[in-house]
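One structure below.
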Amino acid sequence: MKCCVFFMFMSTAGVILAEASNIEKTNEVDFTIPYMVYLQSFPEPCVGTLIHPQWVLTAAHCLSPVKIRLGIYQPNIKNQHEQTQSYSMTVPYPDFNSEYLSNDLMMIKLSEAAKLTTQVGTIAIAMEPLSLNESCFIPTWTWSKYKNLSDPDILTWINHYTRPYDECQNMQDERMSVNIMCVGQPLKTLTDIKEVSAAPAICSGRVHGILSWAKGSVTLGNEGFFTEISSYSRWIMSIIESY
Numbered sequence: 001m002k003c004c005v006f007f008m009f010m011s012t013a014g015v016i017l018a019e020a021s022n023i024e025k026t027n028e029v030d031f032t033i034p035y036m037v038y039l040q041s042f043p044e045p046c047v048g049t050l051i052h053p054q055w056v057l058t059a060a061h062c063l064s065p066v067k068i069r070l071g072i073y074q075p076n077i078k079n080q081h082e083q084t085q086s087y088s089m090t091v092p093y094p095d096f097n098s099e100y101l102s103n104d105l106m107m108i109k110l111s112e113a114a115k116l117t118t119q120v121g122t123i124a125i126a127m128e129p130l131s132l133n134e135s136c137f138i139p140t141w142t143w144s145k146y147k148n149l150s151d152p153d154i155l156t157w158i159n160h161y162t163r164p165y166d167e168c169q170n171m172q173d174e175r176m177s178v179n180i181m182c183v184g185q186p187l188k189t190l191t192d193i194k195e196v197s198a199a200p201a202i203c204s205g206r207v208h209g210i211l212s213w214a215k216g217s218v219t220l221g222n223e224g225f226f227t228e229i230s231s232y233s234r235w236i237m238s239i240i241e242s243y
């Protein structure tokens, strides 16, 4: 029965949240990207992606959160639609390598199911790889002026085209991880913009990647390296079924 419910949420999210980049920002207080989750941890926060009412997908390199916040626009400001949660368990991918950031995925089970609203919603995971050169929507939070231990105050995003596999391998330098999806162009100028890690790559209405590392700022068009979700879809579903 769990499986059926899971697929129902996934398919619904795939339709409703197919193109978040088309959302009109008419009121910043009410505006959110519903599947984005703010994982508040120290010294650095991470982005989570709500793929099931009680499960968040993020990167394994992220620290366990001290607080989980859903339905927010600016993490530095609390709003009336926000849902605050704790977690009951974290499940990093068993073969995660912290040195090379390979298999950089983690599942977080919320202490209770999120209440799905217009501000909080799920999104489907990718079950098959992307076709070459597809456009992906990549949202995250940044700081207008970064200060250690402060929450970011800007929600930002970009549409990126994915890079061919051979180019992706050449872009990785010494890491050479498998199951990696690449976007962006080589860094041409230095920037002091700091982005929250583990941003999702949403392509064709599904989560196809979770940002593992970057060379520069992904939302400014620089190179980003994402764990390719379709390669882990069976593991993700088995975790939801098992726990």
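Going by UniProt numbering, the first residue of the sequence shown is number 1, and it counts up by one from there. For every residue, glycine included, the Cβ atom is placed at its ideal position computed from N, Cα and C.
request  = For my contact list, C77 and Y38 are in at a C-beta cut-off of 8 Å; report their separation, rounded to the angstrom.
outcome  = What you label residue 77 is simply residue 77 of the sequence shown in a count that begins at 1. What you label residue 38 is simply residue 38 of the sequence shown in a count that begins at 1. Going by the sequence as given, residue 77 is Ile instead of Cys. The beta carbons of I77 and Y38 sit about 11 Å from each other, so the pair does not count as a contact at 8 Å.
ask   = Expressed to the nearest angstrom, what Euclidean distance is found between the alpha-carbon atoms of K145 and W235?
value = Taking the sequence shown and counting its residues from 1, the one referred to as residue 145 is at position 145. Taking the sequence shown and counting its residues from 1, the one referred to as residue 235 is at position 235. The straight-line gap from Cα to Cα measures roughly 38 Å.
query = Opposite Y146 in the DSSP bridges: which residues?
reply = As a working note, residue 146 is residue 146 in the sequence shown. Y146 pairs with nothing; no bridge assigned.
query = Buried or exposed: F137, going by 16 or more other Cβ atoms within 10 Å of its Cβ?
reply = Position 137 of the sequence shown holds residue 137. When all chains shown are included, F137 counts as buried.
For E241, the three-state DSSP class (helix, strand or coil) = Here residue 241 refers to the residue found at position 241 of the sequence shown. In the structure shown, E241 sits in a helix (DSSP, three-state: H, G or I).
inquiry  = Once the 5 residues before and after G224 are set aside, which same chain residues still bring their CB inside 6 Å of it?
reply    = Here residue 224 refers to the residue found at position 224 of the sequence shown. Cβ neighbours of G224 beyond the five flanking positions: V183, G184, L211, A214 and V218.
Residues that DSSP places opposite residue 244 in a beta bridge = The displayed coordinates of the chain run from 1 to 243. Any statement about residue 244 would go beyond what the structure contains.
key: Close-in-space but distant-in-sequence residues of the same chain around T12 (CB under 8 Å, 5 per side omitted)   = In the sequence shown, residue 12 corresponds to position 12, counting from 1. Since pLDDT at T12 reaches only 39, below the 50 mark, its modelled position is unreliable, and no value is offered.
key: Start-to-end residues for the alpha helix (DSSP H) that takes in Y165   = The count along the sequence shown starts at 1 and reaches residue 165 at position 165. Where Y165 is concerned, the enclosing alpha helix (DSSP H) stretches over Y165 to M171.
message = Just to confirm before moving on: does the CB-CB distance between M127 and S233 stay below 8 Å?
response = By 1-based counting over the sequence shown, the position of residue 127 is 127. By 1-based counting over the sequence shown, the position of residue 233 is 233. Going by beta carbons, M127 and S233 fall inside the 8 Å limit.
key: Burial state of E112, where buried means 16 or more other Cβ atoms lie within 10 Å   = Looking up residue 112 in the sequence shown gives position 112. By the neighbour-count criterion, in which 16 or more other beta carbons inside 10 Å mark a residue as buried, E112 falls on the exposed side.
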